[in-house]
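Read the structure below first, then the notes.
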Amino acid sequence: MLVSAVSLAALREYFQIVFLRTDGGQDGGVFRNPPAQPDPGKRHLEAFAFFSSLLLLWCAHRASFELMLLALALNLTGAGVILLLRFKSDPFIFENIAKQVTGVIYVPFFLSFLILIRSDALGVYWVLAFLLIIFAGDTAAFYVGSYLGKHKLSPSLSPGKTIEGAVGGLAANLGTGAALKSLFLPESTWGASLLFFIGIGVVGQAGDLFESGIKRTARVKDSGGILPGHGGILDRIDALLFAAPTAYFFKVYLL
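First residue of the sequence shown? That's 1 in our numbering, and the numbers climb one at a time after it.
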């Protein structure tokens, strides 16, 4: 239920970014000058995405990856029906469907891997370890970048991120992961474990830059204002979204 609530909130912010027009102001993520009348085609796509997301997360709760794929297929099929109904009157309907399908994969599908990880007997330890490693990396990257950062990591996507911050974040991923492995996962090998810590750290930073690219395209600073001073839900989980499928892969196939 927690993952579902976070997923719906983050998906709503995603749609605000990709569907609503803004004036390009750097105003802390407040969306200004929206269309005078909401587009019914976009409303229908959003509503079906929310339904598909809950179905997808329920399938993950049933620990059935096959059902999750069927939920994704159902979402695309429903979007195709909306395309047939709206194609004549909406010249941008196919572009909006592409954004909707991307959003369902990007937010609820990626988050559903947390539920799959949690399904095993030791799943709670894996989820705790995974979240602590990701959040430790995010925190270290912010502070190291703020105090020591001099070289830009990707100025076109996120001018504030630095190479020094990225290295500091990866170091925190390794340190936190090593401590947690010693406490909770002693049976896993050190070689595979270190690869796991580095892997989720790298893809976590890639997820952060990916969300920055989405916001950069829409010319907004934050995904929302639900967390005063911290932006939106999507801003808080951007690294986690890319890292969750990676963590599931390591857990199931390597560790």
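Beta carbons: idealized from backbone N, C-alpha and C, even for Gly.
These numbers come from a predicted model, not from an experiment.
Going along the chain, which residues of its own chain have a beta-carbon closer than 7 Å to the beta-carbon of Val127, five neighbours each way excluded?
Position 127 of the sequence shown, counting from 1, holds the residue named residue 127. Here the set comprises Leu114, Ile117 and Arg118.
Just to confirm my understanding: we take Trp190, look at its own chain, exclude 5 residues before and 5 after, and list those with CB closer than 8 Å. What are they? What you label residue 190 is simply residue 190 of the sequence shown in a count that begins at 1. The answer, listed in chain order, is Lys181.
query = Which whole-angstrom value describes the C-beta separation of Gly41 and Asp90, a residue pair presumed to lie in contact below a C-beta threshold of 8 Å?
reply = For the purposes of this step, residue 41 is taken as residue 41 along the sequence shown, with counting starting at 1. For the purposes of this step, residue 90 is taken as residue 90 along the sequence shown, with counting starting at 1. Going by Cβ atoms, the distance from Gly41 to Asp90 rounds to 5 Å, so yes, they are a contact pair.
Task: Sequence ranges, beta strand (DSSP E) only - wholly within the region 124–208, length at least 3 - done: 152–154 and 158–162
Nearest CA to the CA of Ser259: which residue from His44, Asp39 and Phe51? Lying outside 1 to 255, the shown extent of the chain, residue 259 is not represented and no answer is given.
| In chain order, what residues of the same chain lie with their CB nearer than 8 Å to the CB of Leu132, ignoring the 5 residues before and after it? | Along the sequence shown, read from residue 1 onward, the residue named residue 132 stands at position 132. Within the same chain, Leu132 has close Cβ partners Thr176 and Leu180.
Checklist entry - When you compare only the Cα positions, how much space is there between Gly125 and Tyr14? => result For the purposes of this step, residue 125 is taken as residue 125 along the sequence shown, with counting starting at 1. For the purposes of this step, residue 14 is taken as residue 14 along the sequence shown, with counting starting at 1. In the sequence as displayed, the identity of residue 125 is Tyr instead of Gly. Distance between the alpha carbons of Tyr125 and Tyr14 is about 30 Å.
**Request:** Can you tell me the Cβ-Cβ gap for Phe242 and Gly199, rounded? I've got them flagged as a contact below 8 Å.
**Result:** Within the sequence shown, residue 242 is the residue found at index 242, counting from 1. Within the sequence shown, residue 199 is the residue found at index 199, counting from 1. About 11 Å; that fails the 8 Å criterion.
Near Ala166, what residues of its chain come up, given a Cβ to Cβ distance below 7 Å and the 5 sequence neighbours on each side ignored? Translated into the one-based positions of the sequence shown, residue 166 becomes position 166. Answer for Ala166: Ala141, Leu153 and Gln205, listed in chain order.
Coarse secondary structure for Leu255, derived from DSSP in three states
One-based indexing of the sequence shown puts residue 255 at position 255. Correct three-state label for Leu255: coil.
_Let me check one thing: in DSSP terms, what residues is Leu227 bridge-paired to?_
Position 227 of the sequence shown holds residue 227. Bridge partners of Leu227: Gly231.
Run through DSSP, which three-state label would Ser89 get? By 1-based counting over the sequence shown, the position of residue 89 is 89. DSSP places Ser89 in coil when its eight states are reduced to three.
Starting from the C-beta of Gly169, find all residues in its chain whose C-beta is less than 6 Å away, skip the five residues before and the five after it, and write them out in chain order. Translated into the one-based positions of the sequence shown, residue 169 becomes position 169. These residues qualify, in order along the chain: Gly137, Ala140 and Ala141.
Own chain partners of Ala79 with C-beta closer than 8 Å, once the 5 adjacent residues on each side are dropped | As a first step, residue 79 is located in the sequence shown; it is residue number 79 there, counting from the start. If we look at Ala79 and ignore the five residues flanking it on each side, its Cβ neighbours are Leu45, Phe48, Ile97, Gln100 and Val101.
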